[in-house]
Each structure stands twice: as C-alpha cells, then as structure tokens.
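The opening position of the sequence shown corresponds to residue 11 in this note's numbering, with each subsequent residue numbered one higher.
First comes the structure, then the notes that go with it.
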Amino acid sequence: EEKISLILKLIIAPHLQKDGGDIKFINFINGIVTVERDKETLANAVSYYFQQKGEAFTYRCINRLDRDTTGLLILAKHMHSASILSNMVQKREIHREYLAVACGNVPLEGSIVAPIARVDGSTIERCVDEEHGEYACTHYKTLLHKNGYSLVSLKLETGRTHQIRVHMKHIGHPLPGDF
C-alpha cells in the first residue's frame, strides 16, 4: 500500500487531466506498469485514488501505452462510456499522435506499412515479419533534425504493440536506446 500511495501522489493526483463526467484522462508518465499481477500498477493506483475519495470505480482503460511511453490514457468511468469509447477505437474515430526522437535524419514525411509479429521465443519483443505479421501502418512527419537525431510526429493507423519502435527501426532510424 505504501508504493501504491507513492504512485498515487506522484502520478494520479497531479496528472489527472479531467476528473468528472463519464471519461477521465491521465497524463501517463513512463516507467509505471499499467496492468499486471504486480500490485504496483497504474490500475491499482487509480482504483485506490477513487477509493480514497469514496467513489466506486472499476479500471476501464480504453487505450494502451508501452511502459516507456508518456501520454494521455483514456479511462471510462462506467461500462456504458467504455462501450462507446471502445467502439470509437474500433472504428478508428480516436486518433493517436505521438512525438518521438529517432536516430539519424529521418526523411521529412512518409508512411511505413510493414506487418508486425512477435519475435520467435519472446512474449514481449516485436519485429517486422512479412509472412506472419499483422498489418501495421504508421504515418510520420519530421519536425526537427539536430545533432544526428530527429524529432518526429507519428500518427498510428493501427495500434500494434511496440509499433513505433518497430517501424522506426525498420526504416533505419531506431529510437535511442533501442537495438
């Protein structure tokens, strides 16, 4: 409970972007696991936050972010809003745009269409796999080149696990720290 309380103080309270109505937005900071069996998760921290406020809350996260990613998470307050939002995601009515730093001078703009699959023997790592992969499309626009790196705006047409890092590596511009 001590670590949940710490997550609550550092992450939830100051980063709850909209508190009220049917939807809640959390400005997610990297390094926190969203959902897992471990007790030190965002799901447990959010549940604890609402418990402390005396409000009933079931964790219904509409979108996912990788552990090392920051950005807004959309939480549905009840089943009805979760259903509407999930349907919007399925129809691609909720658009996801990310900023990333990539190695090298990324071309000014383009689209990466390359199927993504799990690396054999891994439950986490992903790669481009023309034979077994699922369709994945990322549109990008380079905003800045500086000191051998590029700041890139990326819009996902699909939402495969590790899609940005896999696609950027595929075009020869991995994210710093990736191999």
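Glycine residues also receive a C-beta, built at the ideal position from the N, C-alpha and C atoms.
What did DSSP end up calling E11 once you bin it into helix, strand or coil?
In the sequence shown, the residue the question calls residue 11 occupies position 1. Any answer about E11 is weak, because its pLDDT of 48 lies below 50 and its placement is not dependable; what the coordinates show is given next. Correct three-state label for E11: coil.
Could you tell me whether the Cβ atoms of C147 and S121 are closer together than 8 Å?
Here residue 147 refers to the residue found at position 137 when the sequence shown is read from its first residue. Here residue 121 refers to the residue found at position 111 when the sequence shown is read from its first residue. Result yes, Cβ atoms of C147 and S121 sit closer than 8 Å.
Continuous alpha helix (DSSP H) stretch holding Y58: start and end
On the sequence shown, residue 58 is found 48 positions in, with the first residue counted as 1. Element bounds for Y58: 52-62.
DSSP state of H105, grouped into three classes?
The sequence position of residue 105 within the sequence shown is 95, counting from 1. Here H105 sits in coil by DSSP.
My output table needs one value for H149: the three-state DSSP class, helix, strand or coil.
If you number the sequence shown from 1, residue 149 lands on position 139. The answer is strand: DSSP assigns H149 an E or B state.
For V116, which of helix, strand or coil comes out of DSSP?
As a first step, residue 116 is located in the sequence shown; it is residue number 106 there, counting from the start. V116: coil per DSSP, three-state reduction.
What do you reckon, are the CB atoms on H155 and N115 nearer than 8 Å?
Taking the first residue of the sequence shown as 1, we reach residue 155 at position 145. Taking the first residue of the sequence shown as 1, we reach residue 115 at position 105. For H155 and N115, yes; Cβs fall inside 8 Å.
For S121: DSSP bridge partner residues:
Counting from one through the sequence shown, the residue named residue 121 turns up at place 111. H149.
State the DSSP-derived secondary structure class of H180, mapped to helix, strand or coil.
If you number the sequence shown from 1, residue 180 lands on position 170. Note: H180 maps to helix in three-state DSSP.
For I84, report the span of its beta strand (DSSP E) as first-last.
Here residue 84 is taken as the residue at index 74 of the sequence shown, counted from 1. Here the beta strand (DSSP E) through I84 covers 81-86.
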